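Engineer: When the letters of the sequence shown are read in order and numbered with the working numbering, they come out as residues 15 to 175.
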Amino acid sequence: RPSWNRKSTTKRFFGSGYIGFLLIATMLLITNGKDGAMVLLAVSLLGGMAQVLIIYEEVIFYRHLDKEESLYYQLNRTRILLQEHFGAIKKIRLYSLIAFALVLPLFAILFTASGLIGLAIFTLIVSTIGAFGSELAGRYLFYRTVVPLGLAGNFFAGNQR
Numbered sequence: 015r016p017s018w019n020r021k022s023t024t025k026r027f028f029g030s031g032y033i034g035f036l037l038i039a040t041m042l043l044i045t046n047g048k049d050g051a052m053v054l055l056a057v058s059l060l061g062g063m064a065q066v067l068i069i070y071e072e073v074i075f076y077r078h079l080d081k082e083e084s085l086y087y088q089l090n091r092t093r094i095l096l097q098e099h100f101g102a103i104k105k106i107r108l109y110s111l112i113a114f115a116l117v118l119p120l121f122a123i124l125f126t127a128s129g130l131i132g133l134a135i136f137t138l139i140v141s142t143i144g145a146f147g148s149e150l151a152g153r154y155l156f157y158r159t160v161v162p163l164g165l166a167g168n169f170f171a172g173n174q175r
């Protein structure tokens with residue numbers, strides 16, 4: 015499965031650890047650990063930005079596929095699946111990632127700095143749940159759009175031969 019053998023696969027899966035930082039920051043705010051929460055929120059923002067960059071790298075990769083590559087057929091089928099059959103989920107994943115992993119934690123930092131701890135906690139709870147949902151959508155896309163070398167395991171790609 016050529017699309018699984020890319021270097022970004024490991025980054026994508028381990029990069030979702032920023033959700034843990036969001037959860038720990040929420041717990042720290044609940045227990046009056048404002049300073050530690052601010053540090054973890056900054057780290058989680060970096061993790062969210064890294065996930066957005068991984069998605070951007072994937073878009074660029076599939077946009078500029080080399081037709082001379084030995085695995086072009088499988089990678090091109092994955093690209094077609096991502097664009098034509100799962101385009102709406104792909105957009106939901108990107109926009110929810112931006113909203114829940116970048117925008118809401120940034121608001122939580124602002125609320126915490128302003129002393130609105132209750133609002134920051136609520137924002138972080140929503141952010142954690144939304145970021146988790148976004149990562150689940152990313153995993154769904156990852157496993158549903160893979161095209162194996164023999165094409166036996168994928169209904170959509172098999173019908174496009």
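Just so you know, even glycine gets a beta-carbon here, dropped at the ideal spot from N, CA and C.
In this text the structure is predicted, and so the values were computed from the model without any measurement.
From Thr92 to Tyr76, what does the alpha carbon distance come to, in whole angstroms?
Structural biologist: Position 78 of the sequence shown, counting from 1, holds the residue named residue 92. Position 62 of the sequence shown, counting from 1, holds the residue named residue 76. So the alpha carbons of these two residues sit roughly 9 Å apart.
Engineer: By Cβ distance below 6 Å, which residues in the same chain neighbour Val57 in space, the five residues on each side in sequence not counted?
Structural biologist: Against the sequence shown, residue 57 aligns to sequence position 43. Correct list, in chain order: Phe35.
Engineer: Run the CB neighbour count on Phe27, radius 10 Å, all protein chains shown included, and call it buried at 16 or more, exposed below.
Structural biologist: Working through the sequence shown from its first residue, we reach residue 27 at position 13. So Phe27 counts as exposed.
Engineer: So, for Ile38: in the same chain, excluding its five sequence neighbours on each side, which residues have a beta-carbon less than 6 Å away from its beta-carbon?
Structural biologist: Looking up residue 38 in the sequence shown gives position 24. Here the set comprises Leu54.
Engineer: So, are the CB atoms of Ile112 and Val73 less than 8 Å apart?
Structural biologist: The residue given as residue 112 occupies position 98 in the sequence shown. The residue given as residue 73 occupies position 59 in the sequence shown. Contact flag unset, no.
Engineer: What's the call for Leu124, buried or exposed, on a 16-neighbour Cβ count within 10 Å?
Structural biologist: Taking the sequence shown and counting its residues from 1, the one referred to as residue 124 is at position 110. Looking at its Cβ environment, which holds fewer than 16 other Cβ atoms inside 10 Å, Leu124 is exposed.
Engineer: Whole-angstrom Cβ separation of Gly29 and Ala64, contact assumed at under 8 Å?
Structural biologist: Residue numbering aside, residue 29 sits at position 15 when the sequence shown is read from its first letter. Residue numbering aside, residue 64 sits at position 50 when the sequence shown is read from its first letter. Gly29 to Ala64, Cβ: 5 Å. Contact.
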